[in-house]
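See structure below.
Numbering (my numbering), first residue to last: 323 to 793.
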C-alpha cells in the first residue's frame, strides 16, 4: 500500500509517511502567495517607472530586498523560539492588512514614497515568515515522501512567475495600482486561512524566559560550523545560485543583443528553462522517491555546470533554448534534493534557523553574483565570464559529495522527534557514516512509519509549494 492509499484510520503507533491533504493545501497556499508576489512586483515596478524612471524602480527594488535579506539573520531563531504557527499567522495577516492599507493610500494619493514604505515593510514580513514556512514540510512528510512533497512545492514555485507576471501586467494595464494591491491583499487572506488549517495542532517554539534573542541571531553560523552536512549543502546551494544569478539576469540579454537575435529570444530561453524545471517538478512529485539521491543531488549538479558551459557556446536561439531546457530539467531535480537533505540533517529545535541560512544563500547570493561577475566581465568579456560561471557551478556537486560523506545526524543531534515532525530519511548506501562525538551512525533500515499529529482521523486535517529558490 502506498502513502496515498493510507486508510482513514490507522492503528495506534502507526502513522502515515505523508499527510497529502495538508501538503497539497500548504503547496496551493504558497503557490497563491508567490503568484500574488509576482503580481505585486510587476504592478509596483511599472508604477515606479511611470513616477520616477530608473532611479525610482531601483529605490523600490532595494527597499524590498535589503530589509528582507537583513531580517533573515534574525527570523530563523524567531521561528524556533515562537513556533512556525505563531510566526506565519501573524506575518500573513499583517501582509494582508498592510496591502489593504496601501491600496487605500495609493487610491487617495499619487506620491511615490508610500510605495517605498510598503515595499520595505513587505520585505521585513517576508523575511520573518520565510524560515518558518520552510519548517512546515518536514512536519507533514517523512523519509522519501519528503522528496516528493518538496518537488511538488518546487513545481508551484516555477509556475508562480509564469502565472503572476502576466496577471500583474494586465491589472496595471487595465486598471490602477490600488486594484492590484487589493487583489494581493485578498490572496494573503486566503493564504492566512490555509495556514490556520495546516498548522493547527503543531507544537510551539522552545523559547526560554529571559533568553537573549540577539545572541541567538548567530545560531545559523554556529549550525553550519557544527554540522558538516549542513555546511556542505549550504556551500552547494551558494555556488549554484552564484553561477545562475549573473548569466540569467545580465549576461543572457547582453549575449542575445550582441548576436542580433532580438529581445524575444530572451523570453524564449527563459520559457524553455522554466518548462524544463516544471517537467522536473512533475517528475519529482511522482517519482522522486524512486530516483537515487546520488542522481538527484550530484549527477544533476554536474549536468547544470556542463549545461551552463554549453549555453555560452551556442550559436543559435534554438540550440541555446534547448540547452536551457535541459539545465532547467536538472535544476528542477537538484533544488528539491538539496532542500530535502538539508531539512533532514537539521536539528528539529533549530529548523527555522537552518532554513533561514538556506534561504539567505539564495536571496543574498544573486546581488553578489551580479556585482562580482559583472566586474569580471568588464575585464575578460561576457562570454568568458559565462564560462567562469559554468566552472563555479561544477564545484557544487563536489560540495554535495562532501555533504553525503558526512555522518548522518542521529536522534540526539536532531533533538529527537515530536508528534508533528517525521523521522529523518535513512542515509543511502553511498554515504559513509563515521561515528563522531555528536552523532552516532544508525543501521540502514526501511523507514518506519511514525504517526503525525493531525492524522486522517483528525478533523483539522482537511486541508507551496516551490521553493524558493532562489527565489
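All C-beta atoms in this analysis are idealised placements derived from N, C-alpha and C, irrespective of residue type, glycine included.
Exercise. What is the DSSP secondary structure of residue 339, counted as helix, strand or coil?
Worked result: coil
For this session: Can you say whether residue 612 is buried or exposed, counting buried as having 16 or more other CB atoms within 10 angstroms of its CB?
Result: exposed
For this session: Using alpha carbons as the reference points, say which of 597, 566, 573 and 488 lies closest to residue 365.
Result: 488
Problem set entry | Euclidean distance between Cα positions of residue 428 and residue 439 | 12 Å
Exercise. Do residue 552 and residue 668 come within 8 Å of each other at the CB atom, strictly closer than that value?
Worked result: yes
Exercise. Taking C-alpha atoms, which residue in 407, 432, 447 and 596 lies nearest to residue 420?
Worked result: 447
For this session: Find out if the Cβ-Cβ distance for the pair residue 423, residue 511 is shorter than 8 Å.
Result: no
Exercise. If we count Cβ pairs, one from each stretch, closer than 8 Å, do we get three or more for the segment 472-485 versus the segment 351-365?
Worked result: yes
Exercise. With distances taken between CB atoms, is the gap from residue 542 to residue 630 smaller than 8 Å?
Worked result: no
Problem set entry | 8 Å contact criterion, which residue 692 and residue 571 should meet: CB distance rounded | 6 Å
For this session: Inspect the CB distances between the segment 459-477 and the segment 389-401 and report whether three or more fall short of 8 Å.
Result: no
Problem set entry | Range of the contiguous alpha helix (DSSP H) that encloses residue 665 | 639-667
Exercise. What is the DSSP secondary structure of residue 573, counted as helix, strand or coil?
Worked result: helix
For this session: Give the C-beta separation of residue 659 and residue 618 to the nearest angstrom, bearing in mind that I take them to be a contact with Cβ-Cβ under 8 Å.
Result: 4 Å
Problem set entry | Pick from 457, 449 and 581 that is closest to residue 639, judged by C-alpha positions | 581
For this session: Reducing DSSP to helix, strand and coil, say where residue 463 ends up.
Result: strand
For this session: May I have the straight-line CA-CA distance separating residue 625 from residue 498, to the nearest angstrom?
Result: 44 Å
Problem set entry | Among 349, 568 and 710, the one whose alpha carbon lies nearest that of residue 482 | 349
For this session: Could I get the ranges of all uninterrupted beta strand (DSSP E) runs contained in the segment 698-729, with 3 residues as the minimum, in chain order?
Result: none
Exercise. So what's residue 636 in DSSP terms, helix, strand or just coil?
Worked result: coil
For this session: Would you mind working out which of 459, 690 and 579 sits nearest residue 524, comparing C-alpha positions?
Result: 459
Problem set entry | residue 498, DSSP secondary structure in three states | coil
For this session: May I ask you to report which of helix, strand or coil DSSP gives residue 401?
Result: helix
For this session: Could you give the DSSP three-state label for residue 564: helix, strand or coil?
Result: helix
Problem set entry | Beta-carbon separation (whole angstroms), residue 451 vs residue 413, contact threshold 8 Å | 4 Å
For this session: Determine the direct distance from the alpha carbon of residue 689 to that of residue 627, and round the result to whole angstroms.
Result: 20 Å
For this session: Measure from the alpha carbon of residue 342 to the alpha carbon of each residue in 560, 616, 683 and 462, then state which is nearest.
Result: 462
For this session: Buried or exposed for residue 614, please, with buried defined as at least 16 other CB atoms from any protein chain shown within 10 angstroms of its CB.
Result: exposed
Problem set entry | Continuous alpha helix (DSSP H) assignments of at least 4 residues falling wholly in the segment 420-478 | 435-456 and 459-462
For this session: Report yes if the CB atom of residue 465 is closer than 8 Å to the CB atom of residue 634, and no otherwise.
Result: no
Problem set entry | Cut-off 7 Å between Cβ atoms - residues of its own chain near residue 647, not counting five sequence neighbours on either side | 594, 595, 597 and 598
For this session: Kindly indicate the opening and closing residues of the alpha helix (DSSP H) around residue 524.
Result: Note, residue 524: premise wrong, no alpha helix (DSSP H); not H, not E.
Exercise. What's the call for residue 600, buried or exposed, on a 16-neighbour Cβ count within 10 Å?
Worked result: buried
Exercise. Is the Cβ-Cβ distance between residue 708 and residue 569 less than 8 Å?
Worked result: yes
Problem set entry | Rounded straight-line distance, which links the Cα of residue 346 to that of residue 352 | 10 Å
For this session: Can you tell me which of the three DSSP states residue 278 falls into?
Result: The requested residue 278 does not occur in the structure, where the chain is confined to residues 323 to 793.
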